[in-house]
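The UniProt record's numbering applies: residue 15 is where the sequence shown begins, and numbers increase by one.
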Amino acid sequence: DLIKKQDILKLKENDAIREGASLLQKGEVVAFPTETVYGLGADATSESAVKKIFKAKGRPRDNPLIVHIGEMDQLYDIIKNPLSDTTRRLIKHFWPGPLTLIFEKKETIPGVTTAGLESVAVRFPDNPVARALIGLSSVPVAAPSANLSGSPSPTRAEHVFKDLKGRIPFIIDGGPSSVGVESTVIDIRSGNPVILRPGGVTREEIAEVTGFSPENPDNEDRKKPLSPGMKYRHYSPRTPLYLIEIRDFDKIRDVGEKYKGYNLALVITSETDMVLKESLKSFSTTGIKKVVIGSRNDFKKIAACMFDILRNLDTDNIDLIFFETIPEKGLGEAIMNRLAKAATGKIVVE
Ligand code: TXA
Ligand code: MG
């Protein structure tokens, strides 16, 4: 951590970070890198600044924002109650990092930031540029992902530029995001961790640290979804995306037959690629663009490239994207959560 602090101090001398911090202090919005995805930040304590985020993204006003801090002390300016033991443990293990926690908010955070909720979601990102920016601005920074509402999340500065050019004054380019999926949002106010959104910290890791196996929100007897953002269509390329689960590789030919004439993009794991190499030869490979995402067990790699792939395939010369499913364990849970929300449907080849 010492080395990191040094890095952050050096980064604070960086012109782009200084300019970004000064814009945040003036109530402007700034796009910046985090380890999960790029964020579109504004002073979380300023109503007028936070409104600019909603406007730039076209984000529904009833979807609350995560408030980002750059050091632990900032937490106590935002939240009401002392930390529980479980919360302390989670913070100790996962902050800074891709974990967002829900707390009761103080008055310093206005209702626009939390979409009228009395709770506030807080995250301490582990990206040195993000930390330097928040530290230098010395305000808590409300930041959703820096994409147009509904489109795939931005994991590179170019993605932000493509979505938001002309709508925001400043983007800090910190290179590609290392994690590639958003933070895990959990609510532990009742004692047991409830996962409102799976993300960069896995269910298994949370269970290990807290000693509780995390629950899923039971949406049935709840009128308001716990994490309001989860009800919206999300992460979608304009090109229709289908999940494809291949149980019987011999049947893949039928899929080829059925979609003859379409320009298909086929996103598959390297294991599937090995098996399919032979069968793919049997149907006309013209019109099929194959993207191999790496081993089906290398969740980290898949998470890091997933949104970039969705964006790259979202071009006029592709009619349909097929994305192979992976197991929903570990980081695979967050990956499949995003893909399922982005997808129009699912095809099982059996
Ligand atoms: O990794 C991340 O979390 C990224 C980076 C930029 O930090 N941010 C991000 O923000 O993903 P956004 O706005 O795209 O997603 C925030 C999620 C939404 O599902 C929202 O509904 C939920 O967090 N959320 C925010 N405040 C909440 C609250 N008080 N209670 C329940 N859910 C909340
Ligand atoms: Mg988002």
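We put the beta carbon where it would ideally sit given N, CA and C, even for glycine.
Rounded C-alpha distance that separates R217 from T48: For the purposes of this step, residue 217 is identified with residue 203 of the sequence shown, where counting begins at 1. For the purposes of this step, residue 48 is identified with residue 34 of the sequence shown, where counting begins at 1. In a straight line, the C-alpha of R217 is about 21 angstroms away from that of T48.
Anticipated Cβ contact below 8 angstroms, H82 with A157, distance rounded: Taking the sequence shown and counting its residues from 1, the one referred to as residue 82 is at position 68. Taking the sequence shown and counting its residues from 1, the one referred to as residue 157 is at position 143. H82 to A157, Cβ: 5 angstroms. Contact.
Closest Cα partner of I258 within the set A357, S152, E61: Your numbering for residue 258 matches position 244 in the sequence shown. The candidate whose alpha carbon is nearest that of I258 is A357.
Inter-stretch contact at 8 angstroms, needing at least 3 Cβ pairs: the segment 315-329 / the segment 222-231: no
Run of the beta strand (DSSP E) containing H173, from where it starts to where it stops: What you label residue 173 is simply residue 159 of the sequence shown in a count that begins at 1. Run containing H173: none in the beta strand (DSSP E); it sits in the alpha helix (DSSP H), 171-178.
S151 beta carbon near the ligand TXA (any heavy atom closer than 6 angstroms): Counting from one through the sequence shown, the residue named residue 151 turns up at place 137. Because no heavy atom of the ligand TXA lies under 6 angstroms away, the Cβ of S151 does not count as near it: no.
Proximity test, S191 beta-carbon vs the ligand MG heavy atom, cut-off 6 angstroms: Position 177 of the sequence shown, counting from 1, holds the residue named residue 191. For the ligand MG, not one heavy atom lies less than 6 angstroms from the Cβ of S191.
Distance, Q88 Cα to I202 Cα: In the sequence shown, residue 202 corresponds to position 188, counting from 1. In the sequence shown, residue 88 corresponds to position 74, counting from 1. Each residue's Cα considered, the two are about 20 angstroms apart.
Neighbourhood of T128 by C-beta, 7 angstroms cutoff - its chain only, sequence neighbours within 5 removed: One-based indexing of the sequence shown puts residue 128 at position 114. Counting only Cβ-Cβ distances below 7 angstroms, and skipping sequence neighbours, we find P78, K119, V134.
The segment 18-32 / the segment 167-174 touching (three or more Cβ pairs under 8 angstroms): Contact fails: fewer than three Cβ-Cβ distances are below 8 angstroms.
Environment of P251 [buried if 16+ CB atoms lie within 10 Å]: The sequence position of residue 251 within the sequence shown is 237, counting from 1. By the neighbour-count rule (16 or more Cβ atoms within 10 Å), P251 is buried.
Coarse secondary structure for V363, derived from DSSP in three states: Position 349 of the sequence shown, counting from 1, holds the residue named residue 363. Note: V363 maps to strand in three-state DSSP.
Sub-7 angstroms separation of V126 and E42 beta-carbons: The residue given as residue 126 occupies position 112 in the sequence shown. The residue given as residue 42 occupies position 28 in the sequence shown. Cβ atoms of V126 and E42: not closer than 7 angstroms.
Inter-residue Cα distance where the pair is I185 and K176: The count along the sequence shown starts at 1 and reaches residue 185 at position 171. The count along the sequence shown starts at 1 and reaches residue 176 at position 162. Near 11 angstroms, if we compare the C-alpha coordinates of K176 and I185.
Cβ-heavy atom distance, G53 to the ligand TXA, below 6 angstroms: Here residue 53 refers to the residue found at position 39 when the sequence shown is read from its first residue. True, at least one ligand heavy atom lies under 6 angstroms from that Cβ.
CB contact flag (G55, F46, <7 angstroms): Counted from its first residue, the sequence shown places residue 55 at position 41. Counted from its first residue, the sequence shown places residue 46 at position 32. Yes, the Cβ-Cβ distance between G55 and F46 is below 7 angstroms.
Limits of the alpha helix (DSSP H) - the one that L37 falls within: Translated into positions along the sequence shown, residue 37 becomes position 23. Element bounds for L37: 29-39.
Residue of G164, E271, V269, R310 minimising C-alpha distance to M288: Taking the first residue of the sequence shown as 1, we reach residue 288 at position 274. The residue among G164, E271, V269, R310 with its C-alpha nearest the C-alpha of M288 is R310.
T198 and P207 closer than 7 angstroms at C-beta: By 1-based counting over the sequence shown, the position of residue 198 is 184. By 1-based counting over the sequence shown, the position of residue 207 is 193. Their beta carbons are not under 7 angstroms apart, which means T198 does not touch P207 by this criterion.
Test item: CB-CB of G194 and A58 under 7 angstroms: The residue labelled residue 194 in the question sits at position 180 within the sequence shown. The residue labelled residue 58 in the question sits at position 44 within the sequence shown. Their beta carbons are not under 7 angstroms apart, which means G194 does not touch A58 by this criterion.
Straight-line Cα distance separating N351 from E234: Here residue 234 corresponds to residue number 220 of the sequence shown, with the count starting at 1. Here residue 351 corresponds to residue number 337 of the sequence shown, with the count starting at 1. Low per-residue confidence applies at E234: pLDDT is 49, beneath 50, and the placement is therefore not dependable enough to give any value.
For P154 and D91, believed in contact at Cβ under 8 angstroms, the rounded distance: Locating residue 91 in the sequence shown gives position 77, counting from the first residue. Locating residue 154 in the sequence shown gives position 140, counting from the first residue. Confirmed, Cβ separation roughly 7 angstroms.
Same chain, Cβ closer than 7 angstroms to T101, five either side skipped, listed in chain order: In the sequence shown, the residue the question calls residue 101 occupies position 87. Within the same chain, T101 has close Cβ partners L115, I202.
Lining residues of the ligand MG - beta-carbon closer than 6 angstroms to any non-hydrogen atom, in sequence order: P158, S159, S167
Rounded separation between V64 and D140 - CA only: To locate residue 64, count along the sequence shown from 1; it is residue 50. To locate residue 140, count along the sequence shown from 1; it is residue 126. Taking the straight line joining both Cα atoms gives about 22 angstroms.
N206 beta carbon near the ligand TXA (any heavy atom closer than 6 angstroms): What you label residue 206 is simply residue 192 of the sequence shown in a count that begins at 1. No, the ligand TXA has no heavy atom inside 6 angstroms of this Cβ.
Presumed contact (8 angstroms Cβ cut-off) between T51 and E196, rounded CB distance: Counted from its first residue, the sequence shown places residue 51 at position 37. Counted from its first residue, the sequence shown places residue 196 at position 182. The question names Thr, but residue 51 is Val in the sequence shown. About 6 angstroms; that satisfies the 8 angstroms criterion.
L324 - containing alpha helix (DSSP H), residue span: Here residue 324 refers to the residue found at position 310 of the sequence shown. First-last of the alpha helix (DSSP H) with L324: 313-326.
Among T253, F313, E364, S204, nearest to D333 - alpha-carbon criterion: One-based indexing of the sequence shown puts residue 333 at position 319. Comparing Cα-Cα distances from D333 to each of T253, F313, E364, S204, the minimum goes to T253.
Paired residues, beta bridge with P70 - DSSP: The residue labelled residue 70 in the question sits at position 56 within the sequence shown. The sequence shown places Ala at residue 70, rather than the Pro named in the question. According to DSSP, which records beta bridges pairwise, A70 is partnered with nothing at all.
Whole-angstrom C-beta distance between G301 and T283, which should lie under 8 angstroms: In the sequence shown, the residue the question calls residue 283 occupies position 269. In the sequence shown, the residue the question calls residue 301 occupies position 287. Actually they are not in contact, since the Cβ atoms of T283 and G301 sit about 21 angstroms apart, beyond 8 angstroms.
Opening and closing residue of the alpha helix (DSSP H) in which K106 lies: The residue given as residue 106 occupies position 92 in the sequence shown. Counting along the chain, the alpha helix (DSSP H) containing K106 begins and ends at 99-108.
Rounded separation between L22 and N28 - CA only: By one-based count along the sequence shown, residue 22 stands at place 8. By one-based count along the sequence shown, residue 28 stands at place 14. Reading off the sequence, residue 22 comes out as Ile, not Leu. Each residue's alpha carbon lies about 10 angstroms from the other.
Buried versus exposed, by CB contacts within 10 Å (16 or more), G270: Counting from one through the sequence shown, the residue named residue 270 turns up at place 256. By the 10 Å Cβ count, G270 comes out buried.
When G205, F337, L210 are compared against V363, the one with the closest alpha-carbon: As a working mapping, residue 363 is identified with position 349 in the sequence shown. From the listed residues G205, F337, L210, the smallest Cα separation to V363 is found for F337.
Bridge-paired residues (DSSP) for G53: Walking along the sequence shown from the start, residue 53 turns up at place 39. For G53, which the question treats as bridged, DSSP gives the partners F46, S159.
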